[in-house]
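Q:
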Amino acid sequence: MPGTKVDHKDVQGGKKWGKLKEEQDIRLSEINEEIITNGDYSEYDDLEDKLNAYKVQFMEYDLDNSDDLGVEDVSRMMEKLGKPKNVIEIRKIIAEVDTNNSGTIGYNEFIQMMLGKKSSVLKLILMFEEKSKQPDKPEGVAPKRTLEEMLNKTNI
Ligand SMILES: [Ca+2]
Ligand SMILES: [Ca+2]
Numbered sequence: 001m002p003g004t005k006v007d008h009k010d011v012q013g014g015k016k017w018g019k020l021k022e023e024q025d026i027r028l029s030e031i032n033e034e035i036i037t038n039g040d041y042s043e044y045d046d047l048e049d050k051l052n053a054y055k056v057q058f059m060e061y062d063l064d065n066s067d068d069l070g071v072e073d074v075s076r077m078m079e080k081l082g083k084p085k086n087v088i089e090i091r092k093i094i095a096e097v098d099t100n101n102s103g104t105i106g107y108n109e110f111i112q113m114m115l116g117k118k119s120s121v122l123k124l125i126l127m128f129e130e131k132s133k134q135p136d137k138p139e140g141v142a143p144k145r146t147l148e149e150m151l152n153k154t155n156i
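This is the structure we're talking about:
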């Protein structure tokens, strides 16, 4: 991507970076709590899980910890997702969900995009990415060993 000069490798993964992400986690968790309390999306019965997953996703892409996704964040996101776009396309993608016309996607706008009824390019791409990730995480399946251990303990 021409025109992007900031090298995030300098900070990403470092101690300072971890601290910043921890602080961001606290800020965004508070917003999640508010959203749950407000009851705006009460139609989702797994709202808390959903908000948690979106928070993790948002933090992953907010490279400068500004609590919003700007042109650079979104263009890196697209590169990562294998769908590189030019700056004009990125601006269009952001504008689709940028309800307060700040030129960036704030956390609330991100949540609204993911949970609201309106469709957008970014939402479709992210939803597709989430789906494609799932087969790699067989968290719901209990390992066979665990069952055997349980049976041993109960002397069956
Ligand atoms: Ca940002
Ligand atoms: Ca905005």
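With the first letter of the sequence shown counted as 1, position 91 gets the number 91 in the UniProt record's numbering; the numbers rise by one all the way through.
Glycine included, C-beta positions come from ideal geometry on N, C-alpha and C.
When you measure from the CB of S66 to every non-hydrogen atom of ligand 1, does any distance come out below 7 Å?
A: As a working mapping, residue 66 is identified with position 66 in the sequence shown. Checking the Cβ of S66 against ligand 1 gives yes.
Q: Are the CB atoms of M113 and S102 within a distance shorter than 8 Å?
A: Within the sequence shown, the letter at position 102 stands for residue 102. Within the sequence shown, the letter at position 113 stands for residue 113. No, these two residues do not count as a Cβ contact at 8 Å.
Q: According to DSSP, is D49 helix, strand or coil?
A: Here residue 49 corresponds to residue number 49 of the sequence shown, with the count starting at 1. Note: D49 maps to helix in three-state DSSP.
Q: With distances taken from CA atoms, which of E34, G14, L69 is nearest N52?
A: One-based indexing of the sequence shown puts residue 52 at position 52. With distances taken between Cα atoms, N52 lies closest to E34.
Q: In angstroms, rounded to a whole number, what distance separates the CA positions of L20 and S42?
A: Residue numbering aside, residue 20 sits at position 20 when the sequence shown is read from its first letter. Residue numbering aside, residue 42 sits at position 42 when the sequence shown is read from its first letter. Taking the straight line joining both Cα atoms gives about 31 Å.
Q: If we call anything under 8 Å between Cβ atoms a contact, is I26 one with L69?
A: On the sequence shown, residue 26 is found 26 positions in, with the first residue counted as 1. On the sequence shown, residue 69 is found 69 positions in, with the first residue counted as 1. No; because the gap between Cβ atoms is not below 8 Å, this pair is not in contact.
Q: Run through the DSSP bridge pairs and tell me what I88 is partnered with.
A: Residue numbering aside, residue 88 sits at position 88 when the sequence shown is read from its first letter. According to DSSP, I88 bridges with nothing at all.
Q: If you measure from the CB of G116, is any heavy atom of ligand 2 nearer than 7 Å?
A: As a first step, residue 116 must be located in the sequence shown, where it is residue number 116. It does not: the Cβ of G116 is nowhere closer than 7 Å to a heavy atom of ligand 2.
Q: Looking at the secondary structure, which residues open and close the alpha helix (DSSP H) in which S29 lies?
A: For the purposes of this step, residue 29 is taken as the residue at position 29 of the sequence shown. From DSSP, the alpha helix (DSSP H) with S29 extends over 15-38.
Q: Find out if the Cβ-Cβ distance for the pair F110, Y54 is shorter than 8 Å.
A: Locating residue 110 in the sequence shown gives position 110, where the first residue counts as 1. Locating residue 54 in the sequence shown gives position 54, where the first residue counts as 1. A contact, by the Cβ cut-off of 8 Å.
Q: Determine the extent of the alpha helix (DSSP H) in which K80 is found, giving its start and end residues.
A: Against the sequence shown, residue 80 aligns to sequence position 80. It spans 71-80 - the alpha helix (DSSP H) in which K80 sits, taken as one unbroken run.
Q: I'd like to confirm the pairing. Which residues does DSSP put opposite D68 in its beta bridges?
A: Counting from 1 along the sequence shown, the entry for residue 68 is found at position 68. Its beta-bridge partners are G106.
Q: Is S132 buried or exposed, if buried means 16 or more other CB atoms sit within 10 Å of its CB?
A: What you label residue 132 is simply residue 132 of the sequence shown in a count that begins at 1. With fewer than 16 Cβ atoms within 10 Å of its Cβ, S132 is classed as exposed.
Q: For Y61 and M77, what's the separation of their Cα atoms in angstroms?
A: Along the sequence shown, one-based indexing puts residue 61 at 61. Along the sequence shown, one-based indexing puts residue 77 at 77. The straight-line gap from Cα to Cα measures roughly 6 Å.
Q: Any idea if K16 is buried or exposed, counting beta-carbon neighbours within 10 angstroms, 16 or more meaning buried?
A: Here residue 16 corresponds to residue number 16 of the sequence shown, with the count starting at 1. The residue in question, K16, is exposed, as its Cβ has fewer than 16 Cβ neighbours within 10 Å.
Q: Which of helix, strand or coil does DSSP assign to Q112?
A: Residue mapping note: residue 112 aligns to position 112 of the sequence shown, counting from 1. Note: Q112 maps to helix in three-state DSSP.
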